[in-house]
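First comes the structure, then the notes that go with it.
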Amino acid sequence: MTRADIGRSGDVRQAGCLRSSPLPSCRSSLSFSAVFVYISRIPVLEEFVVIKKILLAIAALIVLLVAAVVILAFTVRTEFNVEREITINRPKADVFYYVKHLKNQNYWGAWYKKDPGMKQEFKGQDGSPGFIASWKSDNSEVGEGEQEIKKVVEGERLDTELRFKKPFTATSGAYLTTNAAGDNQTKVKWGFNMTLPRPFNLMCLVVDMDKEAGKDFEEGLSNLKSILEQPPIVN
């Protein structure tokens, strides 16, 4: 065997050693690099899984809350009635003539006093069916809406429809009745029936509608009494 052969044999053995040696070759280095990259990505993947679980939990909670609100809204009534009355020392004809004109509510109604600068518009003949008084205010207690006279039973009853637009939408029927209560005395009843759409009816769980709206009715009737018991009547 020549030295060249030995060299070639040595090269072969050396190459074989390179392939079988436990020392890392280029290929094994690439394998280790891939494993390292894979391992290094595990925390990122775990973090993604955790975030995904959190988002799913939040979404499920929102769905449950919405479902609870919807179910609760169907268990709370949507129809409400508020009524107050007062006796005025004035003949019934005088009292009814005054209250049937919606423009006069600016003098005795509680809402107008909350924002005297509200924008108002009037359409039709006041005191007759079809007359509409609309209002618009930046005051959230007043909001925006309109009131229309629907029916007049002369000397007895006035029926109107209140259509609220802001801060919530709702429609209610309001009424004023006058009944003789003695010599030159008149009992006035003022009330309304409201339908609150769901889910706005849930406000009644935290707000006493009869108490909150009732105090405005009481204030208005008190103002009405003061005005009508001091002639002359404002038309």
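Its first residue numbered 0, the sequence shown is counted upward by one per residue in numbering that gives the first Met the number 0.
Heads up, the beta-carbon is just placed ideally off N, CA and C, and yes, glycines get one too.
Owing to the predicted nature of the structure, the values given are computational and were not obtained by experimental measurement.
Compute the Euclidean distance between the alpha carbons of residue i and residue j, then round it to the nearest angstrom.
{"i": "residue 184", "j": "residue 198", "result": "43 Å"}
{"i": "residue 208", "j": "residue 150", "result": "26 Å"}
{"i": "residue 158", "j": "residue 93", "result": "18 Å"}
{"i": "residue 121", "j": "residue 165", "result": "19 Å"}
{"i": "residue 53", "j": "residue 135", "result": "45 Å"}
{"i": "residue 51", "j": "residue 61", "result": "15 Å"}
{"i": "residue 46", "j": "residue 58", "result": "18 Å"}
{"i": "residue 70", "j": "residue 64", "result": "10 Å"}
{"i": "residue 115", "j": "residue 67", "result": "41 Å"}
{"i": "residue 22", "j": "residue 55", "result": "The predicted position of residue 22 is uncertain, since its pLDDT is 47 and thus under 50; no value can be drawn from it."}
{"i": "residue 217", "j": "residue 229", "result": "19 Å"}
{"i": "residue 225", "j": "residue 191", "result": "22 Å"}
{"i": "residue 17", "j": "residue 49", "result": "Any answer about residue 17 is weak, because its pLDDT of 44 lies below 50 and its placement is not dependable; what the coordinates show is given next. Whole-angstrom Cα-Cα distance: 44 Å."}
{"i": "residue 236", "j": "residue 117", "result": "Residue coverage of the chain in this structure runs from 0 to 234, which leaves residue 236 outside it and unanswerable."}
{"i": "residue 137", "j": "residue 145", "result": "15 Å"}
{"i": "residue 182", "j": "residue 210", "result": "32 Å"}
Do residue i and residue j have their CB atoms nearer than 8 Å?
{"i": "residue 141", "j": "residue 113", "result": "yes"}
{"i": "residue 180", "j": "residue 86", "result": "yes"}
{"i": "residue 153", "j": "residue 131", "result": "no"}
{"i": "residue 189", "j": "residue 83", "result": "yes"}
{"i": "residue 110", "j": "residue 215", "result": "yes"}
{"i": "residue 176", "j": "residue 155", "result": "yes"}
{"i": "residue 195", "j": "residue 169", "result": "yes"}
{"i": "residue 139", "j": "residue 119", "result": "no"}
So which of the options has the shortest CA-CA distance to residue i?
{"i": "residue 251", "options": "193, 137, 136", "result": "Residue 251 is absent from the model: the chain starts at 0 and stops at 234."}
{"i": "residue 104", "options": "228, 178, 62, 219", "result": "219"}
{"i": "residue 171", "options": "162, 157, 60", "result": "162"}
{"i": "residue 222", "options": "202, 191, 187", "result": "187"}
{"i": "residue 202", "options": "50, 47, 79, 51", "result": "79"}
{"i": "residue 227", "options": "46, 95, 47", "result": "95"}
{"i": "residue 178", "options": "91, 55, 117", "result": "91"}
Cβ contact (3+ pairs, closer than 8 Å) linking the segment 84 to 103 and the segment 119 to 126 = yes
query = Can you list the beta strand (DSSP E) stretches of 3 or more residues lying completely in the segment 63 to 150, in chain order?
reply = 78 to 87, 118 to 122, 131 to 135
request  = Would you mind listing the beta strand (DSSP E) stretches within the segment 166 to 230 that are 3+ residues and don't spill past its ends, in chain order?
outcome  = 169 to 181, 184 to 194
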